[in-house]
Every structure is written in C-alpha cells, then in structure tokens.
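What follows is a set of notes on a single structure, which appears directly below.
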Amino acid sequence: MRLNNKEKAYSALQVALKHKYDSWKIWENYLVISIDLKEYQNACHAINRLVDLKLDKNIDLKIMVLIIKAYYQIALANINYSLPLREKIEETLEKISSRISMNPGVWYAYSLYYDVSSAIVEETDKKKNVEFMQKLVTMNEKYLRALQVAGWDKEVGKFQSVCDGAHRLVNSQLRTAGAIADLPDTIEIDDPYCSVHHYLSQAIICLKPIISRAALEEPLKSTGDYTKLVETLKDVEGELKKVGL
Numbered sequence: 057m058r059l060n061n062k063e064k065a066y067s068a069l070q071v072a073l074k075h076k077y078d079s080w081k082i083w084e085n086y087l088v089i090s091i092d093l094k095e096y097q098n099a100c101h102a103i104n105r106l107v108d109l110k111l112d113k114n115i116d117l118k119i120m121v122l123i124i125k126a127y128y129q130i131a132l133a134n135i136n137y138s139l140p141l142r143e144k145i146e147e148t149l150e151k152i153s154s155r156i157s158m159n160p161g162v163w164y165a166y167s168l169y170y171d172v173s174s175a176i177v178e179e180t181d182k183k184k185n186v187e188f189m190q191k192l193v194t195m196n197e198k199y200l201r202a203l204q205v206a207g208w209d210k211e212v213g214k215f216q217s218v219c220d221g222a223h224r225l226v227n228s229q230l231r232t233a234g235a236i237a238d239l240p241d242t243i244e245i246d247d248p249y250c251s252v253h254h255y256l257s258q259a260i261i262c263l264k265p266i267i268s269r270a271a272l273e274e275p276l277k278s279t280g281d282y283t284k285l286v287e288t289l290k291d292v293e294g295e296l297k298k299v300g301l
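Throughout the sequence shown, residue numbering follows the working numbering, covering 57 to 301 in sequence.
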C-alpha cells in the first residue's frame, strides 16, 4: 500500500473508531497502519484497547518489541522528543503485564524496554543506569519463570527455551554487577541488594536448579545447551571468588 493510501486508510480508521470504539478488528487494523506510519504512541493506544477488548488476550507482542526498538532510536536522536512515547510505552507494558502475565513475550518486551533505557543513559547517568539494570534483571526473572512451563525439564525443545531465558537472566545479572562495580565512590544507592556479590550470587542461584533438574534426564544432559549452562556456572563461580566474598 502506498504512503498516500495508508494515510487515507489511517484517517478512515480513526473515523470508524468514533462509531465502533469497541470493535477489536478495527483496532487491529488501526494498530497495523499506525506502525506503518510510525505513529507509535497511537499504536500503544491501540494495544491498550485490544487488551481490554479481546477476551483471549491474544496480542502480537512482536509489535511491542518493534515499538521499543523504535523508541530507542528516537531517544538516541532526541531524548526530549522521545519522552511522550516513553510514557506511553510504560503505560502499555504495565497494562499488558497485569492482564497476560503468563505469556513470556510480555516479560521479554518489558526486559527489552529496560535494556534500551539503560543503554540510553549509560554514559550520562551512572546511577540511573544501575537502576534500569536492576529492573532489567527483575523482568528477566519473570521471563524465565514464564518459560518454565510443564515439561520444561523433560522435553528438549522446552528445555532449550529455558536455557535461553537463563542465559538472558544471567547475562543481565553480570552486567548489573559490572555496572555497580563501575559506580564512582561519590554515587550511593540506598538499596541493600545493590552489590556485586548479590548479583553474582543470584546468577548462581538461577543456574544451579536448572542444571540439577536437567542432569536427571539424559536427553537434556547430552545437549549443548546443558553444557553451556555448566560452563556458565563455572565462570560465574570464578567471578564470585575474584570478588573475595
């Protein structure tokens, strides 16, 4: 569809929604056109309405990921210009996560949001960077839990998904530990869990139960994913020893 036709369709859908505000089909079409036209705030609004209207809560969360990636590029170009979109993304993620919390895609999108938020301030605000990293870890914890569906410790496919989630979580824990270690002495964070030791220890706590469960099933134990988990555990334990705690 050409740009001019998309803009006409966009206007027509806006008119249609005034008369059929509760039509999820129209909202889905409006969402697609909003993305095509880079109207990301309106796309978030459409997602919010779809969460309200669709009984099965079947939302294409890949679109949320696309919006977050677009926000990152906008923020790098002009941080102030990106603020309204940031607020809309936060509102949308909060709503989605409260309604469909068992879907791993929700927490993947949420973790991506804090990942890009951290990247945006990494060089300009070390304290805020650490705070975003801590939230990133929390979202990755929820992502991993959502992946641990029935049979994850029996079926290779499900186990591989859990391994991916575990590596994503551990990576964020290690990055958070590194960001904390790099904080200048002049910056203090009033949080007893904000320490290198805490995040390295939590990475080990994440890995050990998964490895132990998988070790009981030969098909899982013989996978490259299992081997990689064991190697990662050894690396993290080595890092913790270096800390001297």
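For glycine and all other residues, C-beta sits at the position ideal for the given N, C-alpha and C.
- Taking the Cα of L111 as reference, the smallest distance to any Cα among E178, R155, T232, Q97 is reached at R155.
- Distance between A65 and D116, taken at the CA atoms: about 21 Å.
- Boundaries cannot be given for D247, as no alpha helix (DSSP H) includes it and DSSP labels it neither H nor E.
- Counting other Cβ atoms within 10 Å of its Cβ, E187 reaches 16 or more and is therefore classed as buried.
- In the three-state scheme derived from DSSP, where H, G and I count as helix and E and B as strand, G213 is classed as helix.
- Taking a 10 Å sphere around the C-beta of D291, we find fewer than 16 other C-beta atoms and assign the residue as exposed.
- Nearest to Q97 by alpha-carbon distance, out of W208, E146, K113, is E146.
- Within the stretch 164-212, the complete alpha helix (DSSP H) segments at least 4 residues long are 182-203, listed from N- to C-terminus.
- Residue L132 holds the alpha-carbon nearest to the alpha-carbon of T180 among Y164, L73, L132, L141.
- Sequence-distant Cβ neighbours of S174 in its own chain, meaning closer than 7 Å and more than five residues away, are N185, F188, M189, L192.
- Q129 counts as exposed, since fewer than 16 other C-beta atoms from the protein chains shown sit within 10 angstroms of its C-beta.
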